[in-house]
Amino acid sequence: MAATGEADDRPPAAEDVEASAEADLARVASPAGMERVRMEQISSGPVDFVARCVQGLFAGRFIYINRTPQGELFGSDRSSNSVTMYIENAGLAPSHAEIKFNVGTCQYFLRDAGSDDGTWIRIRWNRSVELAAGQEMRIGNSLIEVREGPAITAEEEVAQWLAAYQLQKFAPLLREKGFKSLAEVQERLLEELPSMLSTDLSNEDYQVMESAAKEIDRMWPSNAFPAHKLEFYIRPAEGTTPTSGIVPPEDAPPPDSDECSQGVVASVGWAGGTISLIPAGVTVKEPDNLPDLPLTTSATSKDVPVGQALISGWLYPEQLKIGYSFGRYYVHLSEQSSESEQRGWVRLRPDQQHWLMPQDFFSIGTLVFQVLRFNAASYSEQGFRATMEDEDILVQDLATSNWRQCSYFGIYDGHGGRDCVNFVRRRLHINIIAALHSRGGLDKSLQVHQDLHDSLLQGFLKTDQQFLGLSQGMENGGSGSTAVVACIVGGWVWCANVGDSRALLCRNGRALQLSLDHKPSRADESKRIEEAGGFVSFHRVLGRLAVSRAFGDEEYKVGVTKSDSVTQPLVIAEPEIRVEQLCPEDEFLFMACDGLFAVFSCQEAVDFLHARLAAMPPNEQDPQKAVQDIVHEAIHERRSRDNVTALLVTFRRAVLSKRQ
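As structure tokens, this is what we get:
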């Protein structure tokens, strides 16, 4: 969107009236008027996972995972009555991998069904994968074998337990008190702690030790915790090609396989640790790190270096983090991998059931599948503009809760250059997650709705503050961006927006607006601008900017407040937040930039998509095709003069024709 582009000819409605005669408007979120609930008390919403093939012969195809007791069995045996997903010419075993759905807990579990080549789970940065001796990890073109390491002796148990909580300073005290094993800590520590309070422990130390002692029975269940450390042995994978999606520079030397054969690179105990993954034969600058965020799983990985490994097939250094929790070891990558195409995989053990989460990837044979909470897709076209300034994001799993699924979808429409829109696309959801964690996390919240509202608000304001602080050193530091985001938390849709990108919910064929455009000609926005000392002319802020709220746009925030007549920023990044509970009549969520809504009304967009989906067979209704069609229609048939980006999230396996 250009800052000096044509204004919308249709006058937007004020805050206290309907958005338009043809579309209802969701209510503004008011957490004070909503029920105080914990995460496990809110509805789970639609639970119908999709497996979309992203690599291999059937890339782009998808299936809704079977939720019957039979489950979904992938294999190449056409004659088997057990195989529900027969796939040939993809290197699958007769019975390769199985997914089962637990009706009571609404969980999906993946296991290997006896294949020779294995079932592999991609290692993520924000969720952990269980790890045990006997497993393998495929990192780039290198294989890391996980072996049983040295035994953890009774004398070492207490030290390992303290190290897991970073309480090593208490080791001399516990030795002095005669604690020689974890069993003795379990039996005696809680009883004897009060006697240590006055002489050996401060009040703060006492509380920390008491909290750790109370967790022993859960974290180290009797006779069920690992008695050995894990040992990591690296060797190059044979007959493989690079899995990195990044094209290496022309002058980069080829990786040396012998250089990567290093034997044991690390031994990790209950305290966990970090293995540095170093690309072999490649010297490149590390990508910018994302903000450090805690994991939401139970794993407690530590940042203590325990070893390093030379990896073939990668270009960027990474960190493999090993943690321990509830009697098991876990692994995940560092935050920087969230934007990386470098992939690491864990091979499931024969008896291992992996709890499938949205955003998981699993590899079987020559195929890679992505697990989706919702069948969703986005599409963009530059159109008739000289540059492309739109961005979008689909995060099927924010990894902010183990009680309910949390997904995030966003449309960002930049103007005045790409610096701001790129920054917002990369940072906004990260800042929202960080705000949730700063409040203790959703799973510990006693007021989920209030925390969600406040975290969305804080995330928007923090992102704008960060960009304005960096913008002076950027080529397009004066650029800006609109944003409309939808967080689907359990069965609730939270929508936050600044600017004129828009979100719609299709409810029984009718358009329900989840956002209201921020135009300077909107009565309440015009009043705010004038009270701050500015003015609206030709439907623009100061006669120039066509939106009244946005990220960036420094000259309308920092610059104008230096004037004697302007007392407050004229353009703000404070979002309007609306909330709606999903119901059985809801069919899909649609989001798009103003380039689409310049040529489509809300109801026209819903009708167009509804018809496109209904024309496809049930269980085969592909949102990618539908969203591509509406963007093409907007630019090539209705002649939108702007970039057009749209995003479609479906809630049903089949949208039925309105005639049915």
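All letters in the sequence shown, in the order written, are residues 1 to 660 by full-length UniProt numbering.
We treat Cβ as the ideally placed atom computed from N, Cα and C, and that holds for glycine.
Only a predicted model underlies this, so the values are computations on that prediction, with no experimental measurement involved.
The C-beta separation of Leu73 from Ala113 comes to about 6 Å, placing the pair in contact by the 8 Å criterion. Burial check for Ala151: the Cβ neighbour count within 10 Å stays below 16, so the residue is exposed. DSSP places Asn422 inside the alpha helix (DSSP H), whose first and last residues are 419-438. Cβ atoms of Leu648 and Ala376 come within 8 Å of each other, at about 6 Å.
In the three-state reduction of the DSSP assignment, Ser548 falls in the coil class, being assigned neither a helical nor a strand state.
A direct Cα-Cα distance of roughly 11 Å separates Ser521 from Gly543. Nearest neighbour of Ile139 by Cα position, chosen from Arg343, Glu531, Phe101, turns out to be Arg343. Buried is the label assigned to Phe423, since at least 16 other Cβ atoms lie within 10 Å of its Cβ. Residue burial is scored here from C-beta neighbours: Leu470 has fewer than 16 other C-beta atoms within 10 angstroms and is therefore classed as exposed. DSSP places His354 outside any alpha helix (DSSP H); the residue lies instead in the beta strand (DSSP E), whose first and last residues are 354-356. Excluding residues up to 5 positions away in sequence, Ala51, Cys53, Phe362 lie with their Cβ nearer than 6 Å to the Cβ of Phe369 in the same chain.
Within the DSSP secondary-structure output, Gln581 pairs in a beta bridge with Trp492.
By the beta-carbon neighbour count (other beta carbons within 10 angstroms, threshold 16), Glu98 is buried.
Val579 and His449 have their C-alpha atoms some 10 Å from each other.
In this structure, the alpha-carbon of Gln472 lies about 21 Å from that of Asn431.
Secondary structure of Tyr316 (DSSP, three-state): coil. Per DSSP, Asp397 is not a residue of any alpha helix (DSSP H), being assigned neither H nor E. With fewer than 16 other Cβ atoms inside 10 Å of its own Cβ, Gly60 counts as exposed. By the Cβ-count criterion, His636 is exposed, with fewer than 16 other Cβ atoms from all chains shown falling within 10 Å of its own Cβ. Secondary structure of Arg111 (DSSP, three-state): strand.
Note on geometry: alpha-carbon atoms of Gly313 and Pro279 lie some 7 Å from one another. For Gly327, same chain residues with a beta-carbon under 6 Å away, outside a window of 5 residues either side, are Pro221, Ala224, Phe225 in chain order. In the three-state scheme derived from DSSP, where H, G and I count as helix and E and B as strand, Ile529 is classed as helix. Rounded to the nearest whole angstrom, the C-alpha separation of Asp48 and Asp642 is 35 Å. Thr482 is bridged by DSSP to Asp413. When the beta-carbon positions are compared, Ser501 and Asp360 stay at least 9 Å from each other. Beta-bridge analysis with DSSP links Arg510 to Arg507. Judged by beta-carbon spacing, Val541 lies within the 9 Å limit of Leu570, meaning their Cβ atoms are closer than that value. Note on geometry: alpha-carbon atoms of Val558 and Ser43 lie some 43 Å from one another.
Secondary structure note for Cys53: its beta strand (DSSP E) is the uninterrupted segment 50-55. When the five nearest sequence neighbours on each side are left out, the beta carbons in the same chain lying within less than 6 Å of the beta carbon of Ile144 are those of Met137, Phe232, Ile234, in order along the chain.
In this structure the stretch 330-343 lies against the stretch 118-133, because at least three pairs of beta carbons, one per stretch, are closer than 8 Å. For Lys321, the secondary structure class from DSSP, reduced to helix, strand or coil, is strand. Comparing alpha-carbon positions, the option among Met196, Ala486, His429 lying closest to Asp464 turns out to be His429. If you look at Tyr206, you'll find it in the alpha helix (DSSP H) that goes 203-214. Judged by DSSP in its simplified three-state form, Lys462 adopts helix.
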